[in-house]
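Visitor:
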Amino acid sequence: MDYVVEVDQVTVRYQELVALEEVTLKVVHSEFVALIGPNGSGKTTLIKAILGVVRPTAGTVRLFGKPVPDLDGEWKRVGYVPQVAQIDHRFPLRVFDVVLMGRYGRVGLIRRPGKHDREAARRALDRVGMSDLAQRPIGRLSGGQRQRVLVARALAAEPDLLLLDEPTTGVDVGTTEGLFDLLEGLHREGITILVVSHDIGIVAQHVDQLVCINRRLVAHGRPEEVLSGEVLECMYGPHASLVGHGDIPHIVVPHHRSREG
Ligand SMILES: Nc1ncnc2c1ncn2[C@@H]1O[C@H](COP(=O)(O)OP(=O)(O)OP(=O)(O)O)[C@@H](O)[C@H]1O
Ligand SMILES: [Mg+2]
69 MDYVVEVDQV TVRYQELVAL EEVTLKVVHS EFVALIGPNG SGKTTLIKAI LGVVRPTAGT
129 VRLFGKPVPD LDGEWKRVGY VPQVAQIDHR FPLRVFDVVL MGRYGRVGLI RRPGKHDREA
189 ARRALDRVGM SDLAQRPIGR LSGGQRQRVL VARALAAEPD LLLLDEPTTG VDVGTTEGLF
249 DLLEGLHREG ITILVVSHDI GIVAQHVDQL VCINRRLVAH GRPEEVLSGE VLECMYGPHA
309 SLVGHGDIPH IVVPHHRSRE G
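For reference, each letter of the sequence shown is one residue, going 69 to 329 in this note's numbering.
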């Protein structure tokens, strides 16, 4: 098998807190995978372990067949959309400049962007349907437009692996659908995608595989296999259910029983 991501028996502790426990997960080349789980279940921690930002207490992570600590030039092949954008929106950057930042890679500004970089940034903006707003200051966008710019920034790197941590937080259903359509298109072109999302119903209609974590790996399989009553119970408690809402099912957890309130 041609694995792009191999997480093997990974445990991550933050002092006494065990955020992830013995998680094993493999993502095959060009697969489209969604990572779901309740708040605080370790999703971001897993993404950060894959990115080498958080060091596992035990276990190993390999990307493109190589242990994460040994990766070097391969980081250029990874695009990342963080959960909370680290861009200061008061900073007078234009949309195009933010996307161009995606060309600098993880090591920061090492050289001035060339023609090839600017073309890649333009293509990425076009891809997310934001070319018209290229010269707009980043602070003057809607939440959904800003998310698309961040996706464009990750795409500007022309990644083989795209990691997205809740790219649709705070955006409406139409925009979320639009983003997942875009991701599906990228997936068809052969990009491997791992996306964290709470929009289970929308996600389930697009991805090949759903991974459910709640500190431990709860389930991993095709959406229709994974979204059973048992899995929902393990993730969201005994009273969680999946209800149809038009075409899009939602997780419903009675308020007084939910863990996070
Ligand atoms: N840097 C840190 N130091 C200490 N504890 C942390 C740190 N980062 C996360 N945690 C804790 O680890 C657990 C997992 O956090 P994580 O951010 O991975 O969850 P998540 O599944 O991404 O949640 P959400 O859906 O809210 O984004 C939580 O209990 C969180 O409080
Ligand atoms: Mg998170």
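Each residue gets a CB set at the ideal place from its N, CA and C atoms; glycine is no exception. Treat the numbers as computed from the prediction; the structure is a model and nothing was measured.
When you compare the CB positions of LEU262 and VAL101, do they come within less than 8 Å of one another, or not?
Guide: Taking 8 Å as the Cβ cut-off, LEU262 and VAL101 qualify as a contacting pair.
Visitor: Going straight from the alpha carbon of GLN203 to that of ARG162, what length do you get?
Guide: Computed Cα separation, rounded: 5 Å.
Visitor: Starting from the N-terminal side, write out each stretch of the alpha helix (DSSP H) that is 4 residues or longer and does not extend beyond the segment 266-304.
Guide: Runs of the alpha helix (DSSP H) inside the segment 266-304: 268-272, 291-294, 297-304.
Visitor: Skipping 5 residues on each side, what residues in its chain have a beta carbon closer than 6 Å to that of ASP276?
Guide: Same-chain partners within the cutoff: GLU99, PHE100.
Visitor: In the DSSP assignment, what are the bridge partners of ASP138?
Guide: For ASP138, which the question treats as bridged, DSSP gives no partner whatsoever.
Visitor: Using a Cβ-Cβ cut-off of 8 Å (strictly less than) and excluding sequence neighbours within five positions of HIS184, which residues of its own chain qualify?
Guide: There are no such residues.
Visitor: Closer than 7 Å from C-beta to any heavy atom of ligand 2: which residues, in chain order?
Guide: Listed along the chain, these residues meet the criterion: LYS111, THR112, GLN151, ASP233, GLU234, VAL264.
Visitor: Assuming THR92 and ASP70 form a contact by the criterion Cβ under 8 Å, report the distance between their Cβ atoms to the nearest whole angstrom.
Guide: Actually they do not touch by this definition, with Cβ atoms about 18 Å apart.
Visitor: Buried or exposed for GLU84, going by 16 or more other Cβ atoms inside 10 Å?
Guide: Classification for GLU84: exposed.
Visitor: With C-beta atoms as the reference, is LEU201 less than 8 Å away from PRO181?
Guide: Not in contact: LEU201 and PRO181 (Cβ atoms no closer than 8 Å).
Visitor: Between the segment 207-215 and the segment 236-251, do three or more beta carbon pairs fall short of 8 Å?
Guide: As far as the Cβ criterion goes, the segment 207-215 touches the segment 236-251, which means the pair count is three or higher.
Visitor: Output yes or no for whether 8 Å exceeds the beta carbon distance between VAL286 and MET303.
Guide: Yes, Cβ-Cβ distance for VAL286 and MET303 is below 8 Å.
Visitor: Answer yes or no: the CB of ALA87 versus the heavy atoms of ligand 1, is any distance below 7 Å?
Guide: Under cutoff, so the answer is yes.
Visitor: Can you give the Cα-Cα distance for ARG81 and VAL136, rounded to whole angstroms?
Guide: ARG81 and VAL136: Cα-Cα distance of roughly 18 Å.
Visitor: Using the Cα positions of GLY207 and ILE104, report the straight-line distance between them to the nearest angstrom.
Guide: One C-alpha to the other measures close to 30 Å.
Visitor: Please report the distance separating the alpha-carbon of THR260 from that of GLY305.
Guide: Cα-Cα distance, rounded: 31 Å.
Visitor: State the CB to CB distance for the pair ASP233 and VAL149, rounded to an integer number of angstroms; the pair is presumed to be in contact (CB under 8 Å).
Guide: The Cβ separation is near 7 Å, so the contact holds.
Visitor: Beta-carbon separation of GLU243 and ASP267 under 8 Å?
Guide: Residue 243 is actually Thr in this sequence, not Glu. In this structure, ASP267 does not lie closer than 8 Å to THR243 by Cβ.
Visitor: For VAL129, does the three-state DSSP call read helix, strand or coil?
Guide: Looking at VAL129 - three-state DSSP - the assignment turns out to be strand.
Visitor: If you reduce the DSSP assignment to three classes, tell me which class LEU119 lands in.
Guide: The answer is coil: DSSP assigns LEU119 none of H, G, I, E or B.
Visitor: Under 7 Å from any heavy atom of ligand 1, does the C-beta of SER109 make it?
Guide: SER109: yes, Cβ under 7 Å from ligand 1.
Visitor: For ligand 1, any of its heavy atoms closer than 7 Å to the Cβ of TYR55?
Guide: One cannot answer for residue 55 here, as it falls past the ends of the chain, which runs 69 to 329.
Visitor: Between the beta-carbon of ALA220 and the beta-carbon of ALA192, is there less than 8 Å?
Guide: Yes, the Cβ-Cβ distance between ALA220 and ALA192 is below 8 Å.
Visitor: Taking the beta strand (DSSP E) that ASP194 belongs to, which residues open and close that run?
Guide: Taken as a continuous stretch (DSSP letters only), ASP194 belongs to no beta strand (DSSP E), being part of the alpha helix (DSSP H) at 183-195.
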